[in-house]
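S.K.: The structure that follows is given in the form of structure tokens.
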Amino acid sequence: MEIIRAIKSRKSIRAFTKKKVSISVIKKILETASLSPSGSNTQPWNVHVLYGNTLKRFTKEMVQEFLKNSTSLKLERLNYMDTYRAPYLERRRKVGWDLYNLLGIKKGDFQKTLEFHSRNYRFFDAPIGLIFSIEKDLGWMSWLDYGMFIQNISLLCRSFGLHSCPQAAWGLVYKKANKFLKLDKNFTVHCGMAIGYEDEKNKVNKLKTERESVKNFCKFYS
Ligand SMILES: Cc1cc2nc3c(=O)[nH]c(=O)nc-3n(C[C@H](O)[C@H](O)[C@H](O)COP(=O)(O)O)c2cc1C
101 MEIIRAIKSR
111 KSIRAFTKKK
121 VSISVIKKIL
131 ETASLSPSGS
141 NTQPWNVHVL
151 YGNTLKRFTK
161 EMVQEFLKNS
171 TSLKLERLNY
181 MDTYRAPYLE
191 RRRKVGWDLY
201 NLLGIKKGDF
211 QKTLEFHSRN
221 YRFFDAPIGL
231 IFSIEKDLGW
241 MSWLDYGMFI
251 QNISLLCRSF
261 GLHSCPQAAW
271 GLVYKKANKF
281 LKLDKNFTVH
291 CGMAIGYEDE
301 KNKVNKLKTE
311 RESVKNFCKF
321 YS
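Everything in the sequence shown is counted per this note's numbering, starting at 101 for the first residue and increasing by one.
Given below as structure tokens:
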């Protein structure tokens with residue numbers, strides 16, 4: 101697939117069909133994504149591929165953890181910002197409300213909001229769940245390298261007719277996830293990705309997200 105088509109057809113998918121994904125395809129995707137650049141070729145990524153029974157056990161435990169402790173779970177480190185401000189706040193609100201409108205979730209309906217959020221911890225019922233871990237003392241350039249790697253995975257998915265959803269939500273259950281995956285104490289789970297075939301009939305996948313135009317985020321110098 102041409103890179104431009106892969107970028108334009110990628111979108112975050114939150115409902116998948118039951119069609120299985122071959123593990124050899126996932127291996128090819130990861131092998132190719134490993135060609136991503138990283139500062140001094142340090143390659144800070146570690147991927148945990150979950151499928152089949154292990155995926156079921158993992159998601160069951162993580163959904164329980166999220167629902168039991170949803171009000172007390174804390175992130176290990178700041179994900180975005182302490183207090184959202186313009187222009188990030190407006191953008192975040194817009195995508196949130198567009199999504200909830202599609203799903204018929206009304207403002208203040210905490211139960212439905214919680215239920216929908218908890219679907220993150222089932223990888224939105226995708227047949228493949230990736231969990232990404234990192235050594236905790238790596239600096240922000242390593243996180244940037246990691247992002248390039250994750251983006252390449254999502255684009256490579258398109259080459260195989262697959263879709264994905266990157267998920268920062270996993271950072272909230274990092275303690276349980278670290279334990280389940282038996283990570284060394286200097287490693288931690290920071291995010292994940294659901295991978296599978298798009299359920300085109302599900303309205304949650306009809307979400308269209310907007311972008312700023314180039315003139316609003318770019319200055320040209322000559
Ligand atoms: C690092 C990262 C973390 C994200 N975490 C979540 C998440 O936890 N749950 C979710 O439903 N979507 C998550 N998303 C998807 C974003 O909401 C989505 O990328 C954004 O709204 C733009 O929409 P698009 O991906 O369809 O273009 C995440 C995206 C990124 C890049």
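From the three backbone atoms N, C-alpha and C, an ideal C-beta is built for every residue, glycine too.
1. Following a CB-centred definition, is Pro144 positioned closer than 7 Å to any heavy atom of ligand 1?
2. Considering only the alpha carbon of each residue, which of Trp145, Phe280, His290 and Arg222 lies closest to Gly296?
3. Do you know how far the Cα of Ile103 is from the Cα of Tyr188?
4. Distance check for Ile231 and Ala269, CA to CA, integer angstroms please.
5. Between the C-alpha atoms of Leu155 and Phe280, what's the straight-line distance to the nearest angstrom?
6. Considering only heavy atoms of ligand 1, does any lie closer than 7 Å to the CB of Arg222?
7. List the residues that DSSP assigns as beta-bridge partners of Asn146.
8. Expressed to the nearest angstrom, what Euclidean distance is found between the alpha-carbon atoms of Glu300 and Tyr246?
9. In terms of alpha-carbon separation, which member of Met293, Asn305, Phe320 and Gly239 lies closest to Val149?
10. Hey, could you find the ends of the alpha helix (DSSP H) Phe287 is sitting in?
11. So is the beta-carbon of Cys291 under 7 Å away from any non-hydrogen atom of ligand 1?
12. Please name the residue in Arg191, Val273 and Ser122 whose C-alpha comes closest to that of Leu173.
13. In the structure shown, what three-state DSSP assignment does Ser124 receive?
14. Regarding Val121 and ligand 1, is the C-beta to nearest heavy atom distance less than 7 Å?
15. What's the gap between the Cα of Arg157 and the Cα of Val163?
16. Tell me the DSSP bridge mates of Pro266?
17. Can you name the residues that DSSP bridges to Ser112?
18. Have a look at Lys212, Gln211, Phe260 and Asn302 and flag the residue whose alpha-carbon is nearest the alpha-carbon of Asp225.
19. Just how far apart, CA to CA, sit Lys275 and Asp284?
M.R.: Taking the definition as stated:
1. Here residue 144 refers to the residue found at position 44 when the sequence shown is read from its first residue. False, no ligand heavy atom lies under 7 Å from that Cβ.
2. Locating residue 296 in the sequence shown gives position 196, counting from the first residue. Of the listed residues, the one whose Cα sits closest to Gly296 is Arg222.
3. Taking the first residue of the sequence shown as position 1, residue 188 is located at position 88. Taking the first residue of the sequence shown as position 1, residue 103 is located at position 3. Tyr188 and Ile103: Cα-Cα distance of roughly 28 Å.
4. Numbered from its first residue, the sequence shown carries residue 269 at position 169. Numbered from its first residue, the sequence shown carries residue 231 at position 131. Their Cα atoms are separated by approximately 11 Å.
5. Here the question's residue 155 lines up with position 55 in the sequence shown. Here the question's residue 280 lines up with position 180 in the sequence shown. Whole-angstrom Cα-Cα distance: 11 Å.
6. As a working mapping, residue 222 is identified with position 122 in the sequence shown. Not so, every heavy atom of ligand 1 lies at least 7 Å from the Cβ.
7. The residue given as residue 146 occupies position 46 in the sequence shown. According to DSSP, Asn146 bridges with Ser233.
8. Position 200 of the sequence shown, counted from the first residue, corresponds to residue 300. Position 146 of the sequence shown, counted from the first residue, corresponds to residue 246. Cα to Cα, Glu300 sits roughly 29 Å from Tyr246.
9. As a first step, residue 149 must be located in the sequence shown, where it is residue number 49. The shortest C-alpha separation from Val149 is found at Met293.
10. Working through the sequence shown from its first residue, we reach residue 287 at position 187. Per DSSP, Phe287 belongs to no alpha helix (DSSP H); it is in the beta strand (DSSP E), Phe287 to Gly296.
11. As a working note, residue 291 is residue 191 in the sequence shown. Under cutoff, so the answer is yes.
12. Counting from one through the sequence shown, the residue named residue 173 turns up at place 73. Closest by alpha carbon: Val273.
13. Position 24 of the sequence shown, counting from 1, holds the residue named residue 124. It is helical.
14. Translated into the one-based positions of the sequence shown, residue 121 becomes position 21. No, Cβ of Val121 sits at least 7 Å from all heavy atoms of ligand 1.
15. The sequence position of residue 157 within the sequence shown is 57, counting from 1. The sequence position of residue 163 within the sequence shown is 63, counting from 1. Approximately 10 Å between the Cα atoms of the pair.
16. The residue you call residue 266 lines up with position 166 of the sequence shown. Met293.
17. Here residue 112 refers to the residue found at position 12 of the sequence shown. According to DSSP, which records beta bridges pairwise, Ser112 is partnered with Ser264.
18. Here residue 225 refers to the residue found at position 125 of the sequence shown. Checked all of Lys212, Gln211, Phe260 and Asn302; the closest Cα to Asp225 is Asn302.
19. Indexing the sequence shown from 1 puts residue 275 at position 175. Indexing the sequence shown from 1 puts residue 284 at position 184. When rounded, the distance between both Cα atoms is 12 Å.
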